[in-house]
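Here numbering that gives the first Met the number 0 is used: the first residue of the sequence shown is 0, the next is one more, and so on.
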Amino acid sequence: MTTDFGYNLWFLVILNSAIFIIFAFSFVKPKTKLDWRAFGGFSAFVIALFTEMYGFPLTIYFLSGWLGSQFPNLNLLTHNSGHLWQDLMGWQGDPHLNPLHLLSNVLIAAGFILLYRAWQVLYAAQREHRLAVTGIYARVRHPQYVGFLTIMFGFLLQWPTLLTLIMFPILVIVYHRLARREEESMVAEFGEDYRIYAREVPGFIPRVGKNKDVPRVHGGTDHT
């Protein structure tokens, strides 16, 4: 394990937070209040994550007594020690290569791909002034929320902290409520077209093993 001090690196906090937030922004391009609330929740999660990863290790501070007794040879002030799953599982070697960390990379990448694919369909629907019901929107009604949650869950596997573990279930509830409000506005504006779509396509979890046909709806505008 390295003995390098891994915290108070606030430049890395700002740089990494900015990279992921700007990257996500380029895919979702929030416009409505609901869009900005969803994006704001994701941004807060990312900032909290990188603050503990490179700034101040709040979780390590609170758990220092227990970690010190369980792992007496562990240097809590190194970056590698912040990979708590590595410590708790007793894995040796580079924590960036442990199974959970590798899985987290896959989930984070999958989340961003989902955001991008959702944006492609949504952008086309906006230009044609219709409901977005093709591509990933033929599988789930809220792929952008699913993308955000997938990325955040990936980060939890990579670098769990007390704050992000508290934030994640709260954001799940927030996104579910935002989705409900969004659907209410869609029904109010587009009526039966959206009701048909909502009956055919799940909100967040696609039906595994079923190739659902694209719901037949008439003209309308986009939705997220």
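Built from N, CA and C at the ideal position, the CB exists for glycine as well.
Small disclaimer: the values here were computed from a predicted structure and weren't measured.
Asked	Found
Where the alpha helix (DSSP H) containing residue 30 begins and where it ends	Where residue 30 is concerned, there is no enclosing alpha helix (DSSP H), given that its DSSP letter is neither H nor E.
With 16 other Cβ atoms within 10 Å as the buried cut-off, status of residue 98	exposed
Residue from 142, 96, 176 and 155 whose Cα sits closest to the Cα of residue 167	155
Buried or exposed (CB count within 10 angstroms, at least 16 for buried), residue 190	exposed
Rounded distance between the beta-carbons of residue 81 and residue 5, thought under 8 angstroms	7 angstroms
Residue range of the alpha helix (DSSP H) that includes residue 185	161 to 189
Start-to-end residues for the alpha helix (DSSP H) that takes in residue 86	83 to 88
Residue 193 to residue 170 span [Cα, whole Å]	25 angstroms
Contact under 8 angstroms by Cβ, residue 180 with residue 8	no
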